[in-house]
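A.B. asks: Let me begin by handing over the structure; questions about it come next.
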Amino acid sequence: MTSTKRLLFGASLILATVLPAPCLAHSEEDFDNMGPMDFMWPPDRQWVDDEMGMTGPCGTNQGPTDRTEFPLTNGALSLEQKQNVYDVQVSISFDRDPTENNNFDVLIPQERMRFMDWSHVCIGLPSISLPAGAGAGDDSTNATIRLRYTAEYVDPDHHHRRGDMVKRHMAANETFYSCADVTLVPAEAFTFDIPCFNFTGDFESHSHDDDHDDDHDDDINDDDDDDEDDSSSGLSRGAIAGIVIGSVAGAGVLATVAWYFWRRDRREKQIAERMIYEHNKIVGSD
């Protein structure tokens, strides 16, 4: 193994040790108050429960909430997920309060994202075309971005008794929905740094044996050439790789920690609002 590849391998071990803690450190409240996949940015509508999450078009009984500015071009979605999802579709509606699935136009078809096993993932969007007569910054540029995807779901109340044993049914594929309300603005007027990063979750084991074998052959053939190149320059490729990886790792850790606490505070606020809503319903019914 060359010095460059040895350093890259060591750096990858450091990344694997450091990054998972904040990236995957979702609290129990986080998992209880989100679907299999959810928006990290822009903020989504309040999650209610799994049953409501499988109800189109937006997976919630909450209407449009505070809208987030979103660029017409070079926009991206920062998403988080707690289990594998399939057939992810991204669509948009320019209706004030879309209530039907056919109110949405597809931005990214499900054929483009058949399977996703990330803990955090960034999805770039194509340029968004405004409706006829709309101007960026007007009220008419309010929009709702929707995720529609498939995930395995086991109904906790769906089981049957066989003798002395209670048997739960196996997971079934269900369709889930989630919506984020935005106001579209020109790219030059959008100054927010979208918190985009990709990180693989720990809910799926991976095998890279085939890739490893192919790389191993290259290592044997290229050892001499790589070592010679490393020693001929003032700063070796290994050192440069180490500097780059170290910088990316440090920035990634800080960004992830900040976003974890932001996400946790937001979830706690949603839980509090939901409790107040349920309390007011009970008081009103009395």
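Residues -25 to -1, 1 to 261 (mature numbering (1 follows the signal peptide of the UniProt record, and there is no 0)) make up the sequence shown, in order.
We put the CB at the ideal spot given by N, CA and C, even for glycine.
Note that this is a predicted model, so its numbers are computed, not measured.
1) Beta carbon of residue 153, beta carbon of residue 95: below 9 Å?
2) Let me know if residue 22 comes out buried or exposed under the rule of 16 or more other beta-carbons within 10 Å of its beta-carbon.
3) Let me check understanding here. Comparing Cα to Cα, which of 59, 40, 7 lies closest to residue 17?
4) Enumerate in chain order the residues of its own chain whose CB-to-CB distance from residue 155 is below 6 Å, with the five nearest sequence positions on each side excluded.
5) In angstroms, rounded to a whole number, what distance separates the CA positions of residue 70 and residue 130?
6) Excluding the 5 residues preceding and the 5 following residue 165 in the sequence, name in chain order all residues of the same chain whose CB lies nearer than 7 Å to its CB.
7) Using only alpha-carbon positions, find the residue among 105, 109, 84, 106 that is nearest to residue 99.
8) State buried or exposed for residue 12, treating a residue as buried only when at least 16 other CB atoms are found within 10 Å of its CB.
9) What's the C-alpha gap between residue 25 and residue 163?
10) Going by C-alpha to C-alpha distance, which of 161, 81, 128, 158 sits closest to residue 145?
11) Could you give the DSSP three-state label for residue 220: helix, strand or coil?
12) For the alpha helix (DSSP H) holding residue 27, just list the boundary residues, first then last.
13) Starting from residue 126, follow its DSSP beta bridges and name the residues at the other end.
14) When you compare only the Cα positions, how much space is there between residue 97 and residue 91?
15) For the beta strand (DSSP E) containing residue 108, list its first residue and its last residue.
16) Report the three-state DSSP secondary structure of residue 264 (helix, strand or coil).
17) Among the candidates 126, 104, 147, whose CA atom is the shortest distance from the CA of residue 50?
18) When burial is assigned at 16 or more other CB atoms within 10 Å of the CB, is residue 8 buried or exposed?
19) Assign residue 19 to one of three DSSP states: helix, strand, or coil.
20) Using alpha carbons as the reference points, say which of 67, 102, 72, 76 lies closest to residue 29.
21) Determine the burial state of residue 106: buried for a count of at least 16 other Cβ atoms within 10 Å of its Cβ, exposed for fewer.
22) So if DSSP puts residue 68 in a beta bridge, which residue, or which two residues, is it bridged to?
23) Would you list the residues sitting across from residue 81 in a DSSP beta bridge?
24) At which residues does the beta strand (DSSP E) containing residue 56 begin and terminate?
25) From the DSSP output, which residues share a beta bridge with residue 156?
26) Rounded to whole angstroms, what's the CA-CA distance from residue 82 to residue 68? Just pull it up for me.
27) Let me know the secondary structure DSSP gives residue 92 once reduced to three states.
28) Let me confirm a value: residue 101 is counted as buried when at least 16 other C-beta atoms fall within 10 Å, else exposed. Which label applies?
29) Can you tell me the Cα-Cα spacing of residue 79 and residue 32, whole angstroms?
30) Output the distance between the C-alpha atoms of residue 108 and residue 34, rounded to the nearest integer angstrom.
C.D. replies: Let's see:
1) Contact: no.
2) It counts as buried.
3) Among 59, 40, 7, the Cα nearest to that of residue 17 is on 40.
4) Around residue 155: 14, 17, 19, 120.
5) Each residue's alpha carbon lies about 33 Å from the other.
6) So the qualifying residues of the chain are 44, 46.
7) 84 is the residue among 105, 109, 84, 106 whose C-alpha sits nearest the C-alpha of residue 99.
8) When all chains shown are included, residue 12 counts as buried.
9) Between residue 25 and residue 163, the C-alpha separation is close to 39 Å.
10) Looking at the Cα atoms, 128 is the closest of the given residues.
11) For residue 220, the predicted structure reports a pLDDT of 49, less than 50, and the residue's modelled location is therefore unreliable. The matter cannot be settled from this model.
12) 25 to 28 is the extent of the alpha helix (DSSP H) around residue 27.
13) Assignment of beta-bridge partners to residue 126 by DSSP yields 149.
14) Taking the CA atoms as reference points, residue 97 sits about 11 Å from residue 91.
15) Unbroken run through residue 108: none, as it is neither H nor E.
16) Missing from the structure shown is residue 264; the chain here goes from -25 to 261 and no further.
17) Nearest C-alpha to residue 50: 104.
18) Residue 8 comes out buried.
19) Three-state result, residue 19: coil.
20) Checking every option, the nearest Cα to that of residue 29 belongs to 76.
21) Counting C-beta atoms within 10 angstroms of its own C-beta, residue 106 has fewer than 16 neighbours from the protein chains shown and is therefore classed as exposed.
22) DSSP lists 119 as partners of residue 68.
23) DSSP lists 66 as partners of residue 81.
24) Per DSSP, the unbroken beta strand (DSSP E) holding residue 56 starts and ends at 51 to 56.
25) The secondary-structure analysis by DSSP pairs residue 156 across a beta bridge with 119.
26) So the two alpha carbons sit approximately 10 Å from each other.
27) Here residue 92 sits in coil by DSSP.
28) By the beta-carbon neighbour count (other beta carbons within 10 angstroms, threshold 16), residue 101 is exposed.
29) Computed Cα separation, rounded: 9 Å.
30) Each residue's alpha carbon lies about 30 Å from the other.
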